[in-house]
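K.L.:
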Amino acid sequence: MSDFDALVVEKVNGDPEMSIKTLTTDQLTAGDVLIKVHYSSVNYKDALIAVKGQFAEKFPMVPGIDLAGEVVESVSEKFKPGDQVLATSYYIGIRNFGGFSEMARIPSKWLVPLPEGLTLREAMTLGTAGFTAALSIDKLEQNGLKPEDGKVLVAGASGGVGSLSVNMLDDLGYHVEASTGHTEEAQYLKSIGARRVIHREEIFDEDQKSIRKRQWIAAIDPIGGKTTQYILSSLDYGGYVATCGLVGGVDVQTTVLPFISRSIQWIGVDSVKYPMEGRKKIWDRLATDLKPSKLTDDIVNEITLNELPDTLKQILEGQIRGRVIVNFKDAQND
């Protein structure tokens, strides 16, 4: 494929502007593996890059921090033409052109061989959101969490990380409670595993209490800010919270009281630069015991490249639930 289509973000009079452009492989950024992209997935971070111009280190930029496809050319000994691979995070879509493109050139050190048990489409239904959810669960379990310990809260449950976390935890046998700002999504959340759905305002710290009634043994927190504050004050003795996002803000005000009087643990989750050895292990779990049972239309919505600009805007407006993937494969086969 000499010419191909991609979503390109440029700065026009200082503001980011998206458009679908035709590129050639000579215009791609550096990397030792050339990939024909079959699917990409759409993340909140992608929307910040494409709509607001945040995070990108240079322009023009092809966003898309996730991609999955087939190796076309490789000068790396690790991969050969025909191999199916996936890549998430690192500097993809930020420094190197990313996954919102029919072709991508990626450094081999960022690539994961597609695990047995996953299709390329399923890998992107998971994407960074699924990897983050699985990494959060894995870290909670490494710290001792077991299904019989008590209730687990998932904040921001109608989003990508939240939806997948709810489903994965339920599949593992946990009692899951979900919070969301979209009360109309309660039935959806229950259908993927939530036992109880509460409004996000119920876990928003307005009065800055350090200690509250004990409600959950653990929580997955993609939100940050005052939601994190509330969770820290509401965990049961010996509880854990895995914080993996910041859509609710980066500032957290608390005291040492929940840590020293209830022995809670606050676990940070970084999916961007997580070491490759551990990354492969998490993807192996995503292909086996952490593969969500609801990888269906209940969680995923598939779009074309031409629909992508509107979708990126909708994500920032909180209008998207679950996961959105971009299908390049069907267009390439036309």
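No gaps in the numbering here: position 94 of the sequence shown is 94 in the UniProt record's numbering, and each next residue is one more. C-beta atoms are modelled at their ideal positions from N, C-alpha and C, and glycine is treated no differently.
1) Going by DSSP in three states, residue 39 sits in which element: helix, strand or coil?
2) Might you give, ordered along the chain, the residues of its own chain that have their beta carbon closer than 6 Å to the beta carbon of residue 338, omitting 5 neighbours on each side?
3) With DSSP as the reference, identify every bridge partner of residue 69, one or two as the case may be.
4) My parser needs the alpha helix (DSSP H) runs of 4 or more residues fully inside the segment 119-202; what are they?
5) Using C-beta distances below 6 Å, list every residue in its chain close to residue 181, excluding the 5 sequence neighbours before and after it, in chain order.
6) Taking 7 Å as the limit between beta carbons, can you name the residues of its chain near residue 32, skipping five residues before and five after?
7) Find the nearest neighbour of residue 162 within the set 133, 183 and 145, judged by alpha-carbon distance.
8) Let's see if you can read the secondary structure: which residues bound the beta strand (DSSP E) around residue 103?
9) By Cβ distance, which residues of its chain are closer than 8 Å to residue 143, with the 5 residues on each side in sequence left out?
10) Going by the CB atoms, is the gap between residue 92 and residue 65 shorter than 7 Å?
11) Please classify residue 275 as buried or exposed, where buried requires at least 16 other C-beta atoms within 10 Å of its C-beta.
12) Since residue 16 sits in a beta bridge, which residues does DSSP pair it with?
13) Mind checking residue 294: buried by the 16 CB within 10 Å criterion, or exposed?
14) Out of curiosity, what's the CA-to-CA distance linking residue 170 and residue 236?
15) Pick from 138, 252 and 83: whose alpha carbon is nearest that of residue 205?
16) Just to confirm the assignment, what range does the alpha helix (DSSP H) spanning residue 47 have?
17) Just checking residue 206 against the ligand HEM - is the residue's beta carbon closer than 6 Å to any of the ligand's heavy atoms?
18) When the Cα of residue 121 is compared with those of 149, 86, 148 and 138, which residue comes out closest?
19) On the CB-based measure, 16 or more other CB atoms within 10 Å of its CB, does residue 277 come out buried or exposed?
20) For residue 30, count neighbouring C-beta atoms within 10 Å of its own C-beta (all shown protein chains included) and say buried if the count is 16 or more, exposed if not.
21) DSSP three-state call for residue 267: helix, strand or coil?
22) Tell me the DSSP secondary structure of residue 289 in three-state form.
23) Looking at C-alpha atoms only, which residue of 248, 226 and 273 is the closest neighbour of residue 254?
24) Under 7 Å Cβ to Cβ from residue 136, same chain only, skipping five residues before and after it: list those, please.
25) Thinking just about the alpha-carbon of each residue, which of 321, 39 and 203 is nearest to the one in residue 224?
26) Out of 153, 319, 56 and 61, point me to the one whose CA is closest to residue 230's CA.
27) The alpha helix (DSSP H) that contains residue 93, what's its start and end?
28) The alpha helix (DSSP H) with residue 225 in it runs from where to where?
29) To the nearest angstrom, how far is the alpha carbon of residue 323 from that of residue 22?
30) Give me, in chain order, the residues of the same chain whose beta-carbon lies closer than 7 Å to that of residue 84; leave out the 5 immediate sequence neighbours on both sides.
P.N.:
This is what the structure holds:
1) In the sequence shown, counting from the first residue as 1, residue 39 sits at position 39. The answer is strand: DSSP assigns residue 39 an E or B state.
2) Lying before the first or after the last residue shown, residue 338 is absent from the chain, which here runs from 1 to 334.
3) One-based indexing of the sequence shown puts residue 69 at position 69. Looking at the DSSP output, residue 69 sits in a beta bridge with 37 and 85.
4) Those alpha helix (DSSP H) runs which fall completely within the segment 119-202 and span 4+ residues are 120-142, 160-171 and 186-191.
5) Within the sequence shown, the letter at position 181 stands for residue 181. Correct list, in chain order: 200.
6) Residue mapping note: residue 32 aligns to position 32 of the sequence shown, counting from 1. Leaving aside the five residues that flank residue 32 on each side, the residues in its chain whose CB is nearer than 7 Å to its CB run, in chain order, 74, 75, 76, 107 and 108.
7) The residue labelled residue 162 in the question sits at position 162 within the sequence shown. Of the listed residues, the one whose Cα sits closest to residue 162 is 133.
8) Here residue 103 refers to the residue found at position 103 of the sequence shown. Start and end: 103-106.
9) As a position in the sequence shown, residue 143 is number 143, starting the count at 1. Spatial neighbours of residue 143 in its own chain (CB-CB distance under 8 Å, excluding positions within 5 residues in sequence) are listed in chain order as 240, 265 and 267.
10) What you label residue 65 is simply residue 65 of the sequence shown in a count that begins at 1. What you label residue 92 is simply residue 92 of the sequence shown in a count that begins at 1. Their beta carbons are under 7 Å apart, which means residue 65 touches residue 92 by this criterion.
11) Taking the sequence shown and counting its residues from 1, one reaches residue 275 at position 275. The residue in question, residue 275, is exposed, as its Cβ has fewer than 16 Cβ neighbours within 10 Å.
12) Indexing the sequence shown from 1 puts residue 16 at position 16. Answer is 11.
13) The residue given as residue 294 occupies position 294 in the sequence shown. Result: buried.
14) Mapped onto the sequence shown, residue 170 falls at position 170. Mapped onto the sequence shown, residue 236 falls at position 236. Those two C-alpha atoms are separated by around 20 Å.
15) Within the sequence shown, numbered from 1, the residue matching residue 205 stands at position 205. The shortest CA-to-CA distance from residue 205 to any of 138, 252 and 83 is the one to 252.
16) Looking up residue 47 in the sequence shown gives position 47. Here the alpha helix (DSSP H) through residue 47 covers 44-52.
17) Within the structure as shown, the ligand HEM is missing, as the structure has no ligands at all.
18) Working through the sequence shown from its first residue, we reach residue 121 at position 121. Ranking 149, 86, 148 and 138 by Cα distance to residue 121 puts 86 first.
19) By 1-based counting over the sequence shown, the position of residue 277 is 277. By the Cβ neighbour-count rule, residue 277 is exposed, with fewer than 16 other Cβ atoms within 10 Å of its own.
20) Along the sequence shown, one-based indexing puts residue 30 at 30. Around the CB of residue 30, fewer than 16 other CB atoms lie within 10 Å, so the residue is classed as exposed.
21) Numbered from its first residue, the sequence shown carries residue 267 at position 267. Note: residue 267 maps to strand in three-state DSSP.
22) Position 289 of the sequence shown holds residue 289. Collapsing the DSSP output to three states places residue 289 in coil.
23) Here residue 254 corresponds to residue number 254 of the sequence shown, with the count starting at 1. Distance from the Cα of residue 254 is smallest, within the candidate group 248, 226 and 273, for 226.
24) Here residue 136 refers to the residue found at position 136 of the sequence shown. Here the set comprises 165, 220, 242, 244 and 269.
25) Taking the first residue of the sequence shown as 1, we reach residue 224 at position 224. Closest option to residue 224, Cα to Cα, is 203.
26) If you number the sequence shown from 1, residue 230 lands on position 230. It is 153.
27) If you number the sequence shown from 1, residue 93 lands on position 93. Annotation: residue 93 is outside any alpha helix (DSSP H) and is labelled neither H nor E by DSSP.
28) Counting from 1 along the sequence shown, the entry for residue 225 is found at position 225. Counting along the chain, residue 225 sits inside the alpha helix (DSSP H) bounded by residues 225-234.
29) Reading the sequence shown from its first residue, position 323 is the one you call residue 323. Reading the sequence shown from its first residue, position 22 is the one you call residue 22. Taking the Cα positions, residue 323 is about 26 Å away from residue 22.
30) Numbered from 1 along the sequence shown, position 84 holds the residue referred to as residue 84. If we look at residue 84 and ignore the five residues flanking it on each side, its Cβ neighbours are 70, 114 and 120.
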